[in-house]
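First the structure, in the form of structure tokens, and then the observations on it.
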Amino acid sequence: MFKTLPWRSALLGLALLGGAALAQPVAPTVAAAQAQPSTDTAAVDAAPSAAHTAPRRPRICLVLSGGGARGAAHIGVIKVLEELRVPVDCIAGTSMGAIVGAAYASGMDVAEMSEAITRITTERLFTDTPPRADEPMQRKADHYQPLWSPEFGVSRSGVTTPKGVISGVALEGALRHLVKVRGTWHFDELPIPFRAVATSLGSGRMVVFNRGELPTAMRASMSVPAMIAPLSFDGHLLIDGGLVRNLPVDVARSMGADVVIAVNLGTPLLRPDQIDGLLGVAMQTLGILTEQNVRESLAQLQPGDVLIQPELGDFAAADFDNLAKAVPFGEAAARKVADRLQALALPAAEYAALRNRQTNVAPVQPQAIAAIEIIGNRRVNAEVIRQNMLTEVGKLPDADETELDMRRIFGAGDFESVHPELRDIDGEQTLVVDVTEKSWGPHYLRVGLALSSDLGKDATFNLYGKLRSTWLNSYGAEWRNDVVLGNDVVLLSSLYQPLSPRQYFFVEPRVGYADTPFDIFLRDVILTEYRNRTLGVGVDLGINFKQYGEARIGLYRGRSEYSASAGATILPKDFEVDRGLALASLRIDRLDSVSFTRSGYLLALGLQASRQELGASANYTKYEGEARGAYSIGEHALQLALRGGESSEGEFLPAYAQFQLGGFLNMSGYRQQQLLGPRYLYGRLSYQTRLARLPIFEGVYGGLAYEAANMPQIIPTNDKSLFQAGTAYLAADTPLGVAYFGLGYANQQNKAVYLYLGKPF
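Using our numbering, read the sequence shown as starting at 535 and increasing by one per residue.
Encoded structure:
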């Protein structure tokens, strides 16, 4: 059980959940589910099977408590047990104790577990979405907008939220690498009999897993309230077992234990002077709840039992990036009671034979996947789910590929959980993908905020909202509505309609209104402030290249009204422009991150042909292209961005259709939209280093950038053969978006101090 978590901003919901848990009755004995699920997985306890009747020597059961990342100390305890030749005949665990216990029970030894935890990181455990390069293009597009997480559900009954900050898809995938057995088991038939403890969110009672897939049991036991979404299983919503039995001594007794070796990783409660604010009260409430059931469990220990209590000091329950550092604490605590443990030791030959039986797990002969079956879907077309998978019929199952498949399916944005299972159906190996569609769908709302301040000059504010209505038909039609309010006013509605279940081709009609600034500068002073009010309709026909990119062609018809609000004018004070455009674009997006790119590439090409035959005021054709890439070593990355645009040779380009540059990391030091011209070539070379990692978020970065642009100006006095700029910045991914503090300096004595929240790219 996590007792202290550093990502406090993500856990405000713990207060309500903790209060609810306190109000629920806690079962004094093991709870039994009444129905057996179709997967032969049960969350009920049973008496020890006949195969495990009590031997002549005492039956020794290892009880491992929860404790988040502190639970890696359990490995140190097991290491000492092996050194002293203390047999382990059964294991009961909660939360992280269930994870370590399941790994050991499945046949792993200490060396294998120690090696496995070196591959575990916070990012791997708690990042459910696939690598961005593997996300659908429709979701990638959202990354360029300053939208917050989470995504809210919208219905007639109101606004609902997800059940956890993360869904646990990545967590369950990582857990599959921590066990040596695959498929469905009765846990008494494992190399070491095992039990995992979870809590029913509906009743507050203890639920004990004694059969099923080990990763499922582990995942249920570690569903940290408000942080990891509850696991929906056999009619229960299951959360972290530490709420009802953080040290499951009674579960071990039910397995026939004569001697219990209990490892308690309890964290002391906060002193009154350490309880800060509402969140501090919530955390203390959960700590009290956990410590109360631990005290009850400790009271159940008998004189012949052994209690081990590692002293982990300030080692954080959320420090999953340094699990190996917790192992020595467990070793030290076990050695303190070595004399009592030694009394339980077996002769060397007998212990070696026991461990040989427990670790020599018969390898399962791999069988090719004969079929892929999707279950649990109601709105989402199963064929669309299959299209997101790399796994194919006829191929051998691959754990890494399956994990990525589940994250890709989840990353499409339609599910709150995705669970794979290999089953023998009619003698053929079938990969069953059990999905649970979002209970707060299919209408989703996201909001965001963009702030920009060039101290002493410009300040802008925009509030963003995006409402999506998904799966309007079996092909996956999606109605999207975007709103921007603030310095810019934008209202845009579009209907994305795939033309088949495979979703390769699509059509997207749209209608939109925008009221945005169009400023003309004389050097760094605004000469004329215009507002551009545009109303228009358009339609695109496109093709998807799966997760790689998309191509579009389209038509657009609209009208723009320009009105000068201040300043001298070189254009008419008020004028109107009819727009009739033929559009074409190609976009290949394989960047790993929009804000902090460390690998991947982006290629974007666009053509805009304005024709009077289509209703336009003027004929012109302009092209624009962009390329980005990055290369990283460790925490350091080099990034290169190139952009350019021009009109067809000899064609006049009206002022309202010309290109603009200026602003943070878009010619830093120059004011927003300060540079205006009929063509441009822009380049940016950046160095970026990660200064700190943050759970869930991308981290804290420092960066330097050099920018240069060749761009003839519409106002000759603004012209320069080469515009150059440099900037230094600090940036952090936060719950409100990416925040920047930067210093920009450009030639012509332009300089700026930036405070920025949003997406500058």
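Glycine is no exception: its CB is placed at the ideal position from the N, C-alpha and C atoms.
Hey, how far is the Cα of residue i from the Cα of residue j?
i	j	result
Asp855	Arg604	11 Å
Arg913	Ala786	43 Å
Val966	Glu907	5 Å
Phe1055	Leu1061	5 Å
Gly947	Ile959	29 Å
Val644	Lys613	6 Å
Leu777	Pro1035	44 Å
Ser1166	Ser1129	15 Å
Pro931	Gln921	17 Å
Asn1078	Glu1042	13 Å
Arg590	Leu781	27 Å
Gly1163	Pro844	47 Å
Gly1276	Tyr1135	25 Å
Trp682	Pro664	18 Å
Pro1294	Thr1050	17 Å
Glu937	Thr628	24 Å
Ser583	Gly790	Residue placement at Ser583 is flagged as unreliable, the pLDDT there being 40, under the threshold of 50; the coordinate-derived value follows with that caveat. Taking the straight line from one Cα to the other gives about 10 Å.
Leu1291	Thr925	40 Å
Ala1150	Pro1246	25 Å
Val1024	Val1287	28 Å
Ala626	Leu1137	53 Å
Gln892	Gly602	26 Å
Ala555	Ala730	Below a pLDDT of 50, predicted positions are generally treated as unreliable, and Ala555, at 34, falls in that range; the measurement from the model is reported next regardless. Looking at the two C-alpha atoms, the distance is approximately 20 Å.
His770	Ala763	13 Å
Gly1088	Arg673	21 Å
Met923	Gly641	31 Å
Asn827	Ala607	21 Å
Ile919	Pro670	12 Å
Phe863	Leu846	6 Å
Ser529	Val715	Since the displayed the chain opens at 535 and closes at 1295, residue 529 lies outside it and no answer follows.
Can you give me the start and stop residues for the alpha helix (DSSP H) that residue i sits inside?
i	result
Arg891	882-893
Ile633	630-639
Val614	607-617
Asp668	Where Asp668 is concerned, there is no enclosing alpha helix (DSSP H), given that its DSSP letter is neither H nor E.
Val785	783-788
Ser755	748-755
Ala868	861-870
Gly775	That residue, Gly775, is in no alpha helix (DSSP H); it is neither H nor E in DSSP.
Over what stretch of residues does the beta strand (DSSP E) that includes residue i continue unbroken?
i	result
Arg957	949-959
Gly1072	1059-1078
Leu1289	1284-1291
Ala730	728-734
Arg739	Run containing Arg739: none; DSSP gives neither H nor E here.
Arg653	Neither: Arg653 is in no beta strand (DSSP E) and is coded neither H nor E.
Leu1199	Element bounds for Leu1199: n/a, residue is neither H nor E.
Val758	No beta strand (DSSP E) contains Val758, which DSSP labels as neither H nor E.
Leu1277	1271-1280
Arg980	977-988
Leu1089	1083-1101
Gln1258	1257-1268
Asp512	The structure shown does not extend to residue 512, since the chain is modelled only from 535 to 1295, so the question has no answer here.
Thr663	Premise fails: Thr663 is in no beta strand (DSSP E) and is neither H nor E.
Ser766	765-767
Please check the pair residue i and residue j, which I expect to be a contact at CB under 8 Å, by giving their CB distance rounded to whole angstroms.
i	j	result
Asn1021	Thr994	4 Å
Ala751	Ala632	7 Å
Lys1156	Leu1187	6 Å
Glu962	Glu747	About 19 Å; that fails the 8 Å criterion.
Leu1174	Leu1215	In fact, because the Cβ distance is near 14 Å, the residues do not count as touching under 8 Å.
Ile654	Leu857	6 Å
Can you check the stretch 674-720 for any alpha helix (DSSP H) of at least 4 residues that lies completely inside it and give the ranges in chain order? The stretch 674-720 contains these whole alpha helix (DSSP H) runs: 703-709.
Taking 8 Å as the threshold, find out whether the stretch 649-663 comes into contact with the stretch 694-714 through three or more Cβ pairs. Per the Cβ contact rule, the stretch 649-663 is in contact with the stretch 694-714 (3 or more Cβ pairs under 8 Å).
Would you call the stretch 731-748 and the stretch 777-785 touching, i.e. three or more CB-CB distances under 8 Å? Touching, per the Cβ criterion.
Alpha helix (DSSP H) runs contained entirely in the stretch 906-952, provided each spans 4 or more residues: The stretch 906-952 contains these whole alpha helix (DSSP H) runs: 916-921, 933-945.
4 or more residues per run - each alpha helix (DSSP H) lying fully within the stretch 1122-1184: Fully enclosed alpha helix (DSSP H) runs of 4 or longer: not present.
Start-end ranges of the beta strand (DSSP E) lying completely within the stretch 1206-1252, minimum 3 residues: If we require 3 residues or more, the beta strand (DSSP E) runs fully inside the stretch 1206-1252 come out as 1209-1211, 1214-1226, 1234-1244.
Is the stretch 619-637 touching the stretch 597-611, taking contact as three or more C-beta pairs under 8 Å? Contact holds: three or more Cβ-Cβ distances are below 8 Å.
Just to confirm the assignment: which complete beta strand (DSSP E) runs, minimum length 3, are found wholly within the stretch 1004-1051? Entirely contained in the stretch 1004-1051, the beta strand (DSSP E) runs reaching 3 residues are, in chain order, 1012-1020, 1023-1032.
Within 8 Å, do at least three Cβ pairs link the stretch 606-621 to the stretch 872-881? Using a C-beta cut-off of 8 Å, the stretch 872-881 makes contact with the stretch 606-621, since at least three inter-stretch Cβ pairs fall below that distance.
How about the stretch 666-681 and the stretch 968-988: do they share at least three Cβ pairs that are nearer than 8 Å? In short, these stretches touch, since the Cβ pair count reaches three.
Using a Cβ distance threshold of 8 Å, determine whether the stretch 1249-1259 contacts the stretch 1224-1232, with at least three qualifying pairs required. The stretch 1249-1259, when compared against the stretch 1224-1232, does not touch it at the 8 Å Cβ threshold.
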